[in-house]
Amino acid sequence: MLARFKTFRQQASAEIIIKKSRFIGYGKPVTSEAEAIAFIEELKKQHWNANHNCSAYVIGERDEIQKQSDDGEPSGTAGKPILEVIKHHGLKNVVIVVTRYFGGIMLGAGGLIRAYTDGAVTAIEAAEAITNVLHREVIVDVDYTWYGKLENEFHARSVRIGGTEFTDRVIITCLPEAADAERFSNWITDLTQGQAKLTIGEDQYYIEGE
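Under our numbering, the first residue of the sequence shown carries the number 5, and numbering increases by one thereafter.
The following block contains the structure:
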């Protein structure tokens, strides 16, 4: 799993007008190519009367899957610019569709490239790019005598806490970044003079800064 990657927070859309043509940019986070294709087909049905529904998507930890479609626009003027915007922003596991309703004014190849680039940027702004950071559960099991010290240290270091259980002992689920989990565990061991029982749990993504 990647230590971190940029993707979309949500599915969203926004519209811009360029020389009387409507360009509606749609962005959506996806986990598979099938999901991306289904989203594109859904929008084609929704906008069956649009002149074009151009699209691109990038999927995979190493961007293994990259596809784009001009959907009837001159070759290289729509899908490729959308794909380049996705790659320029470093986004993964996303699909963008830019729907065009022709307004009667020809844009030319250069104008189309700029328009679909702007449409893709509009979609990114609407769907909101975020950074997902991989965290690892480090479950800390300690005697109550250590709880106050740990609580103060965690607060001072802004340690992400998944939850705390109070039984005959205190069990704290800490969520350091996965890359720092070993160092974090060693720190806890030193801090509690080896009295803490540590268990490594699951990995999960959290949004950076939240």
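No residue lacks a Cβ here, since even glycine has one placed at the ideal position from N, Cα and C. Computed from a predicted model, the values in this text were never measured in an experiment.
Close beta carbons around residue i, own chain, < 6 Å, minus the five adjacent residues each side
i    : result
T81  : A113, L116 and I117
I134 : R13 and I211
R140 : A182, A185 and D207
I63  : E37, I69 and N97
Span separating the alpha-carbon of residue i from that of residue j
i    : j    : result
A38  : Q199 : 49 Å
M110 : A42  : 30 Å
N53  : H93  : 31 Å
Y61  : T168 : 40 Å
I100 : G31  : 5 Å
K49  : V125 : 23 Å
Q197 : Y148 : 14 Å
S17  : R187 : 42 Å
Reference residue i; option with closest CA among the options
i    : options                  : result
A7   : P180, L195, V62 and T203 : P180
N55  : L138, R164 and R26       : R26
G108 : L195, K23 and E19        : K23
Own chain, CB closer than 7 Å to residue i, minus 5 neighbours either side, in chain order
i   : result
S73 : C58, S59 and G83
H51 : N57 and T103
Nonlocal neighbours in the same chain, by C-beta distance under 8 Å from residue i, ignoring five residues either side
i    : result
G205 : R140, E141, V142, I143 and T177
P33  : T11, F12, R13, Q14, Q15, N97, V98 and A131
Exercise. Touch check for the segment 189-201 and the segment 143-161: three-plus C-beta pairs under 8 Å?
Worked result: Using a Cβ-Cβ distance cut-off of 8 Å, the segment 189-201 and the segment 143-161 are in contact, since at least three pairs of beta carbons, one from each stretch, lie closer than that value.
For this session: Determine, using beta-carbon pairs with one atom in the segment 160-170 and one in the segment 119-135, whether at least three such pairs fall under 8 Å.
Result: Result no; under three Cβ-Cβ pairs closer than 8 Å.
Exercise. Which residue spans inside the segment 115-150 form an unbroken beta strand (DSSP E) run of at least 3?
Worked result: Counting only runs of 3 or more, we get 133-146.
Problem set entry | Every unbroken alpha helix (DSSP H) within the segment 70-118, with a cutoff of 4 residues, ordered by chain | You should have 83-92.
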